[in-house]
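These notes are about the structure you will find just below.
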Amino acid sequence: MGEAIAAAPWNIWGNRTAVERMQRAARMGPRHAYIISGPASTGKSRLATSFASALICPEPREAAVGCGSCSSCRRVERGIHPDVSRVDLAYQAVRDESKSKNTSLNISTVREIGRFISLRPAESSWRVVIVDDVKTMQEPAQEAFLKTLEEPPSYVVILLLTSDADLLLPTVRSRCSIVTMSPVPDALVVDALLAQGASAEEAELIAVASRGRVGVALMALEEEGRKEALLDAINDATSWIAGDPYARMVRSAQLADQFSESRDVVFEQLLSAEVAWRELILRLADTGKPTSHPIVSTCRLTTLDGGYRALAAINRCLRDLDANVRPRAAIETMVLQWPDVTAGGLKE
């Protein structure tokens, strides 16, 4: 078991550099804009909310941490403090009454942010705007947002949450300080789950399946059906790996056809396949770490090279899909790099 990083003060496991940086900013005085970048469920929203609480809380604390118990902190946490605004696609859909497809933050939302920050704080010394789904902003909306970033009032802090800072315009990035959140080692995910009452066996299983994303792991533990869905994804990926060349290509075509409508689902399936291959590699390498998924444990690699080749192919496919390579070409090219599978294990 790895050494646990205490959840206090911001209830974030791992990513200590990012947490300490934002705590220092809250203590010494923040910049006007930050991009908090990282994969889904790595703690971006929690970091932004905790930072907002640290700024808004009226109780002075040397560690730059919101007290968590005062009215201000509780309202920030619940999303109802008048000096903290959270904007995302869900908020935009409610405001617009779903009159459009609502697939990107639009210029109307940018203007609404501008109106919010033009007002002086109602109760505290700051106005904080947390903008999630910012990667969905099309170029015109990002360009409209530039003026807000260029000339914000002195009492304003803007937090932009995105999976990839490079998806934003260079002019947007240049006006922000970039803070990066990353998946954490499995041992830390296990510690987080144990702290919430999971059994050791359950914690190990969920930790591997969640790929270092504490938020995903905790949801799998706490929300009915989440753990089953997470493990089913590994089951599906393992079945794909175990198929013959024809079955693999059929599944590849199905995923490619899904991509335009269910991009996130396809990415999750590819990442689940990555988990399965990593577990096979660990099993062959005899690292002393038990294989955490029962179906993966029935497979066995005969050489590490095949597993490493499969991982490299998955990473290349993910990059190609992000670069708008045709989904079928990207996924089929990936699968052609996978070693063959037999019932008794993997061939050389």
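Residue numbering for the sequence shown follows our numbering, starting at 29 and increasing by one per position.
All residues carry an ideal CB built from backbone N, CA and C; glycine is no exception.
| Item | Value |
| --- | --- |
| Three-pair Cβ contact test at 8 Å for the region 275-285 versus the region 355-368 | yes |
| Alpha carbon of residue 65 to alpha carbon of residue 116, nearest angstrom | 15 Å |
| Within the region 131-214, ranges of the beta strand (DSSP E) (whole runs, at least 3 residues) | 155-159, 184-190 and 205-208 |
| Pair within 8 Å by beta-carbon distance, residue 80 and residue 112 | yes |
| Per-residue DSSP class, three states only, for residue 376 | At residue 376, the pLDDT of 41 sits below 50, so the modelled position is not reliable; the number obtained from the coordinates is stated separately. It is coil, neither helix nor strand. |
| Residues near residue 293 in its chain [Cβ-Cβ closer than 7 Å; skip 5 each side] | 286 |
| Residue span of the alpha helix (DSSP H) that contains residue 99, given as start and end | 99-106 |
| Simplified DSSP state of residue 121, which is helix, strand or coil | helix |
| Contact the region 148-166 vs the region 179-192: 3+ CB pairs below 8 Å | yes |
| Short Cβ contact (8 Å threshold) for residue 203 with residue 46 | no |
| Opposing strand residues paired with residue 114 [DSSP bridges] | 158 |
| Buried or exposed (CB count within 10 angstroms, at least 16 for buried), residue 73 | buried |
| Exposure of residue 272, with buried meaning 16 or more beta-carbon neighbours within 10 Å | exposed |
| First through last residue of the alpha helix (DSSP H) which encompasses residue 280 | 273-286 |
| Spatial distance of residue 333 from residue 339 (CA atoms) | 10 Å |
| For residue 61, the three-state DSSP class (helix, strand or coil) | strand |
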